[in-house]
Amino acid sequence: MLKRINNFAFTFIAVIIGFMLAIQFQSHKNPEVRDTRDTWELRRDLLQEQQKQSQLIKEIGAHEEKLAKYQTERSLGKEEVLRETLAELKREAGLTDIRSEGIILTIEPSKESLLLGERSKNISPHLLKRLLNELNMYKAEHISINGQRVINTTVIRDVNGETKVDGFSLDDYPVEIKVIAPDAKELKNRIQVSESVDHFFVDNLNVIISNPLEVTIPAYGDTIRVKEMEPIEGNGGES
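What follows is the structure, given as structure tokens:
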């Protein structure tokens with residue numbers, strides 16, 4: 008009996024030791040992957056994700072509010088609701104002029120490059136897109152570049168050495184970017200210390216930021232083409 012107990016104890020201890028060795032081997036086999044990003048990069052990424060989440064919640068709330076409005080006013084005046092919805096959709100799509108508080112970014116050659124007689128480069132499409140991404144991240148609602156409205160389908164690219172926005176060239180300075188946002192002062196403060204502004208300086212370009220009382224952004228002037236959509240036939244939508 009004693010021998011059987013000893014054998015059982017020995018077997019149990021051997022199993023425990025084997026299990027511990029297996030865990031240790033697995034941990035050496037799959038070493039922990041450390042995040043090499045520094046604190047500032049992590050904070051910036053976290054801020055971007057929080058802002059995206061906040062924007063998503065805001066959009067969900069807006070759509071829920073619209074739905075409640077449809078349900079409340081459905082029996083009172085369908086035409087009025089549809090007119091208001093159409094006007095709002097046009098505004099969001101960039102098909103109407105917008106006047107509100109905002110900022111103006113003026114991009115021009117640096118004084119140093121002018122004194123040295125250096126030829127100014129065209130604005131890089133990559134740098135311009137990066138600036139627009141930062142503006143959107145800081146809650147910009149409406150943007151125009153040299154009088155051309157920027158919408159979701161706007162294309163910014165290099166064509167034969169010229170940067171073009173929806174086909175319009177940005178080959179002359181200054182380049183003027185108008186932005187409307189809910190809090191123009193906060194937007195100005197954020198853009199003044201942004202990385203994009205520093206990168207413009209590397210290309211011998213200055214970014215001057217002003218905060219006028221009112222900014223006017225024109226409507227999108229071209230035709231918006233919607234792909235893969237067809238009209239509903241018959242009496243679809245009636246109830």
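Residue numbers (the working numbering): 8 to 246. For glycine and all other residues, C-beta sits at the position ideal for the given N, C-alpha and C.
- T170 and D229 have their C-alpha atoms roughly 19 Å apart.
- Shown here for P189: same chain residues with a beta carbon closer than 8 Å to its own, the five before and five after excluded, namely K146, E148 in chain order.
- For a cut-off of 8 Å, the C-beta gap from V186 to E108 is around 10 Å, too long to register as a contact.
- In the structure shown, G228 adopts coil according to DSSP, grouped into three states.
- Around the C-beta of S61, fewer than 16 other C-beta atoms lie within 10 Å, and the residue is accordingly described as exposed.
- Closest by C-alpha distance to P181, out of L53, L134, N129, A226, is N129.
- Each of A226, Y227, K195 was checked against the Cα of L138, and the nearest Cα belongs to K195.
- Judged by their CB atoms, L102 and A226 are nearer to each other than the 7 Å cut-off.
- The secondary-structure analysis by DSSP pairs H149 across a beta bridge with I187.
- Cβ-Cβ separation between L123 and F207: approximately 17 Å, too far for a contact (criterion under 8 Å).
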